[in-house]
Amino acid sequence: MTEIQNGLHEECGVFGVYNVADASSLLYYGLHSLQHRGQEGCGIVCVDENGEFYRRKGLGLISDVFDADKLSQLKGSMGIGHVRYSTHGGGGLDNVQPFYFRHKNGNFALAHNGNIVNSKQLSDMLEDMGTLFHSTSDSELLAHLIKKNDNTPRIEAIIDALNKLEGSFAFLIMTENRIYACRDKDGIRPLSIGTLGDGYVISSETCAFEVIGARFLRDVEPGEIVCIDRHGLRSNFYTEDRHRKLCAMEFIYFSRPDSDLEGCNVHSYRKESGRLLWKEAPAEADIVIGVPDSSLSAAMGYSEVSGIPYEMGLIKSKYVGRTFIMPSQSLREMGVKLKLSAVRSIVEGKRVVLIDDSIVRGTTSRRIVDLLRESGATEVHVRIASPALTHPCFYGVDIPTREELISSDKNAEEVCKAIHADSLHFLSRESTLKAAKGRCELCFACFSGEYPTTIYTDTEN
């Protein structure tokens, strides 16, 4: 990812287990596989055979919050978990999920990936009706909307509540004896179901299935509520207005390369985007390098089709803290070099094609290009495996305001000059869609400004 110290972040990931012994341990390993989706906090809620809920959450990584003793206290064969990166509502322990709610019709827990764009309107309405919120997260809204439907069956209350939400979401709702897996009507956020013995698992990404020995069963469809209980799987659609507008950034950056999104492997997608980059913008060069980690697959594809050797010209350290907190510009520059270093013996005297997944503000792109030149690269041709980011995202991706996006008011030639590159090309929207073979649509809002839902005035930047 280009913006090493303050770039794009996905909001969170969810994982659920139904009817599998030692559910808390499986939740730990599943959430560990989703750790890339959120590192600020995490939590697990389990339910035992008597309908008793057991909860634990904390700030930090999975390995910081949970150990064997703490996991053993989370009893039961059913549970849901969550990893969080804060965007809407900010951070703090109160906003770490899953949330737990007591209710006269039955207690339940809830975990959410995504962002509700009409949260201000809904929270104002609920507060006027006497609702008290325990967090500043928009995820809590669904629980209160469900609780307002006191005298209806739980599935009807969930359907009614989901129809009031605008935005992106993958919700897991767990009661004393079942889990509901819900996905937004546009399918912006991914959610998949797998099988494990006689039980089921649910995850934001399929990469979490492999580590626990589960087998992929199917995706939750846009606008679908899948109920998982002793009867197996039962499906309801809460709306007929459904689309397949999966967030393009899930393919481009956020998801792990070993995940499959709606039938398309992420590594294969990125590699194909690299091939298409070469077809759109070939470069005369000696080596192809990728910015670790999410751009390496695209660099492989560019190299494969062009015949230009792929080299590991940049090395990323995984043990360095956030550089933007350093007190001076010189120290921040040194921090960037600690995080990402060029291999002089590889790039010196070479014409380099630098593949990256995106450019946000452009400041770190410029530093990387300068770093390669300082290490002896004679030319640096930048190829971006996505269209130019021109608009903020309101669906759970922490994209800055439009004013902070370098491509919002600069064309490719101007951006090229700003980042000190010899040439620059962004992958076209057509090729971005083409790389996901068989798809006819994705959410391109951050590239086009065409949002799949209404965007309310209080969310606009």
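Each position in the sequence shown, counted from 1, maps to that position plus 10 in the numbering used here.
All C-beta atoms in this analysis are idealised placements derived from N, C-alpha and C, irrespective of residue type, glycine included.
Check, Outcome
"Cβ separation of Ser-87 and Val-24, assumed to be a contact under 8 Å, to the nearest whole Å", "Their Cβ separation, rounded to whole angstroms, is 18 Å, which puts Ser-87 and Val-24 out of contact at 8 Å."
"Nearest neighbour of Arg-164, chosen from Asp-229, Asp-296, Ile-235, Ser-202 [CA to CA]", "Ile-235"
"Leu-350 in three-state terms, based on DSSP", "strand"
"Where Thr-463 sits in the DSSP three-state scheme", "coil"
"Within 8 Å, strictly: CB atoms of Ala-121 and Phe-63", "no"
"Stretch pair the stretch 375–392 + the stretch 421–437: three plus CB contacts closer than 8 Å", "yes"
"Under 8 Å between C-beta atoms of Cys-217 and Ser-269", "yes"
"Distance between beta carbons of Asp-251 and Ser-304, contact taken as under 8 Å", "Rounded, the Cβ-Cβ distance is 32 Å, inconsistent with contact."
"Collapsed DSSP secondary structure at Val-30 in the structure displayed", "coil"
"Beta-carbon gap between Ser-213 and Leu-44 smaller than 8 Å", "yes"
"Cβ neighbour criterion (16 or more within 10 Å) applied to Gly-48", "buried"
"Cβ neighbour criterion (16 or more within 10 Å) applied to Met-322", "exposed"
"Burial state of Asp-208 (16 or more Cβ within 10 Å)", "exposed"
"Inter-residue spacing [alpha-carbon to alpha-carbon] between Tyr-405 and Tyr-263", "15 Å"
"Between the CA atoms of Leu-37 and Leu-399 - distance to the nearest angstrom", "35 Å"
"Meets three-Cβ-pair contact criterion under 8 Å: the stretch 357–374 and the stretch 407–416", "yes"
"7 Å CB neighbourhood of Leu-227 in its chain, flanking five on each side removed", "Ile-203, Gly-204, Thr-205"
"Rounded straight-line distance, which links the Cα of Val-27 to that of Ala-224", "11 Å"
"Classification of Thr-464 by the beta-carbon crowding that lies within 10 angstroms, buried from 16 upward", "exposed"
"Per DSSP, cross-strand counterpart(s) of Ile-299", "Leu-364"
"Backbone secondary structure at Ile-429 - three-state DSSP", "coil"
"Span of the alpha helix (DSSP H) around Phe-219", "217–222"
"8 Å Cβ cutoff met for Gln-107 and Gly-53", "yes"
"Collapsed DSSP secondary structure at His-42 in the structure displayed", "helix"
"Within the stretch 218–274, ranges of the beta strand (DSSP E) (whole runs, at least 3 residues)", "225–229, 234–239, 242–247"
"DSSP state of Phe-457 mapped onto helix, strand, coil", "helix"
"Simplified DSSP state of Thr-333, which is helix, strand or coil", "Because the pLDDT of Thr-333 is 42, which lies under 50, any placement of that residue in the model is unreliable, and the question is left without a value."
"CA nearest to the CA of Gly-497, picked from Pro-292, Ser-35, Val-379", "Missing from the structure shown is residue 497; the chain here goes from 11 to 471 and no further."
"Beta-carbon spacing of Ala-153, Phe-219 below 8 Å", "no"
"Tyr-210 and Ile-169 closer than 8 Å at C-beta", "no"
"Anticipated Cβ contact below 8 Å, Gly-317 with Ala-309, distance rounded", "Incorrect: roughly 14 Å between the Cβ atoms, too far for contact."
"Under the three-state DSSP convention, the category Glu-150 falls into", "helix"
"Between the CA atoms of Glu-314 and Pro-462 - distance to the nearest angstrom", "35 Å"
"Distance between Val-55 and Arg-332 (C-alpha atoms, nearest Å)", "Residue confidence for Arg-332 is low, a pLDDT of 43 falling below 50, so the modelled location carries little weight and cannot support an answer."
"Cβ contact (3+ pairs, closer than 8 Å) linking the stretch 282–294 and the stretch 240–257", "no"
"Asn-123, DSSP secondary structure in three states", "strand"
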